[in-house]
Structure formats: structure tokens, C-alpha cells
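Take a look at the structure below.
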Ligand code: CP
Ligand code: NVA
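Residue numbers (the numbering used here): 28 to 363.
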């Protein structure tokens, strides 16, 4: 029996394949129960700290709504207004919050910070995104793929295109390797995952049967893929003056109609963790349009708005999967 009581989720490899899939299954059950208005509360009276040193819409709302649905309370500690990281070390913060809260979410830059929280808080710590990993996103993405694939995950192929050294790309590579999928990564070599992360993925793949491809050839990488996945070309925390260089590197990897047809799969689906720069309706999108004349970056508007796009299913699944994670680690077998 899977029991995750008291566990942290700092990166995907904190979970075994079975534990990861247990959380995905549990999230699907919680989703059904919520939709049928028969959700049971396992976290009544618990208190959860939400540390966000970077911006968030989905992750923050998923933790808040998931906690409220389950009867827990949340306290939000934003980029300003607390002592975290300025006058108080992460290690001291961990020991203070661990005395008051039952669980702690952390989003920030340095992955070492969430590891320190996990080591010293004495309560479950969940990584809501660091520069290296985005594990709660992966739970939602695998649930979404499972919903749409129509066959076993071991027969599913997905291709990530874009900045392949970022948190989402690292996590997608390692998650597919852990679970035994066919994972392709297409990016210019300068933006490939680090050799450490590639080695980690290849080691996991040798256990799980996953297939791993990292290439500069986008057309070859997408052929036969069930899902094309991209992310913003410049992540939070990277200097805005790098936009132009990044655009020049990544335009050949834009997910557009011609890349969709290069999959040779009429049922291919488009995924994105969001937020996405697919038109000029954002401040950043408008600035780039004025400077470069590009109306879309990592994905074109026609693909984003097409029937192939399942990005809002992904976004909703953040709620169910984060809720499953909180219940499983705070209430353990009660969540089964
Ligand atoms: N995908 C994701 O993590 O979104 P937010 O940055 O809005 O939380
Ligand atoms: N790679 C992106 C993910 C946002 C959810 C970033 O770190 O900004």
C-alpha cells in the first residue's frame, strides 16, 4: 500500500514510479468527487504556509483552493512583507514555520532553499517551482496526458520544444524517464538540459524502459509524438535584456501549424504549463511585437486556440493533483 504521510515533494525523483502514479490516480478520484459534490474533507483545521518569492496564478490558486476544499487554512507569504530570506535565513524560517504549520509550499529561485526547508521544517514541504524543478506541474501534466492518450502511458510519446534547460523541461525529461514514456527534447544545443540531468534521465530510463531523445532536429523529434509541449522562452528571474537573443535561438522551435503537421499525427495534442505568449494581449507580448514584429513566441495563436490544445485541462488538473499531494502527505492513508 502506498503511504506518503509526512513526505516532501522537492523534485520528481523524491517519488517512485508507483508513488507518482498513485498521486495521479488519487487526484482523478478527488476530481470526480468534487465534480459530483461529494468531496470528503481530510484536512479540517490544518494550516498551510504558501511561500511565493516569484509570481504565480495557477500554483498559488491550486494550493489555496485545494486547501479550502479540504477544510485547511492557508497563509500567503509573498515576495515582500515577510522576513524570509532578507533578515532571516531559510533554515531559521523552516524551523519557525514548522512550529506553526502542518505543511509548507515554496516557490523561489534557488532549489537549495526548498531542500533546506525540507530538511529543517519537520513538516511536509512541497516545491511549487524552483529554477531547477517543477514537480507539482508534472503531476498535473501526467494526469492530463493519461486523460487524453486513450492508451497506456508506456505507449505515449511527448516532445518538449524550446528552452530545454528550464525547470519545466528538466522536470518533463526526468518524469518521462521515471515513468517509462518516450520523451523527446528538441532545442538548440546551447539550451539542452545539463549533462547531469541528461545522465539522471538516462539512468532512470534504463530501469523504466523509457526512451530518451535530445536533439536539435525539431521535425524529426516531433514525428509520431502524441503531445507537443512548450514553455515560455525566458523564465521568471532571467534578465529581460536576453529576450532578443533567446528569440533568435528559439524561433525554429516555435509550435506552429507546420510543426503540428510534422508530427504526422492527426490526433496530436498541444500542452503548455502556462502562462503562454501566444498573442499581443499581454504587456510582454505587446513589447516584443513592437520591437520584433512577432505576434506570438513559443506557440502561435492558431495552435493555442485549436481543438488540439489541452492547456486549460492541464491548468485545472493543477488543482486536483496539488490537492492529492497535500492530502496524501498530511493525512496519509486517510486519503486512500
Ligand atoms: N504553470 C504554473 O506554474 O503557473 P503559475 O506560474 O501561474 O503558477
Ligand atoms: N519556466 C517557467 C515556468 C512558469 C510556470 C518559469 O520558470 O518562468
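Idealized CB from N, CA, C, for every residue including glycine. All of these numbers come straight from a predicted model, not from anything done at the bench.
Exercise. Mind checking whether residue 99 and residue 134 have CB atoms under 7 Å apart?
Worked result: No; because the gap between Cβ atoms is not below 7 Å, this pair is not in contact.
I want to check one thing, is the minimum distance from the CB of residue 259 to the heavy atoms of the ligand NVA below 6 Å?
Yes, since a heavy atom of the ligand NVA falls inside the 6 Å radius drawn around the Cβ of residue 259.
Cα separation between residue 231 and residue 207? About 8 Å.
Notebook entry, point to check: Whose C-alpha, out of 217, 216 and 182, is nearest the C-alpha of residue 204?
Noted result: Checked all of 217, 216 and 182; the closest Cα to residue 204 is 182.
- Item | Own chain residues within Cβ distance below 7 Å of residue 305, not counting five before or after | Counting only residues of its own chain and dropping the five nearest sequence neighbours on each side, residue 305 has a CB closer than 7 Å to the CB of 323, 326, 327, 328 and 331.
request  = Taking only runs that begin and end inside the segment 71-128, name each unbroken alpha helix (DSSP H) of 4 or more residues, in chain order.
outcome  = Correct list: 85-96 and 117-127.
Q) What residues are listed by DSSP as bridge partners for residue 154? A) DSSP lists 133 as the beta-bridge partner residues of residue 154.
Just verifying my parser: in three-state terms, what is the DSSP assignment at residue 299? Strand at residue 299.
With 16 other Cβ atoms within 10 Å as the buried cut-off, status of residue 108
If you draw a 10 Å sphere on the C-beta of residue 108, you find fewer than 16 other C-beta atoms in it, and that means exposed.
Practice problem: Could you have a look at residue 176 and say whether DSSP puts it in helix, strand or coil? | Solution: Helix, per DSSP.
**Message:** According to DSSP, simplified to helix, strand and coil, what is residue 209?
**Reply:** Note: residue 209 maps to strand in three-state DSSP.
- [ ] Let me know the beta strand (DSSP E) ranges lying completely inside the segment 243-310, each 3 residues or longer, listed in chain order.
- [x] List check, beta strand (DSSP E) in window: 254-257 and 296-299.
Exercise. Heavy atom of the ligand NVA less than 6 Å from the Cβ of residue 88, yes or no?
Worked result: The answer is no for residue 88.
Since I believe residue 251 is in contact with residue 184 (beta carbons under 8 Å), could you give me their beta-carbon distance rounded to a whole number of angstroms? With a Cβ gap of about 6 Å, residue 184 and residue 251 count as contacting.
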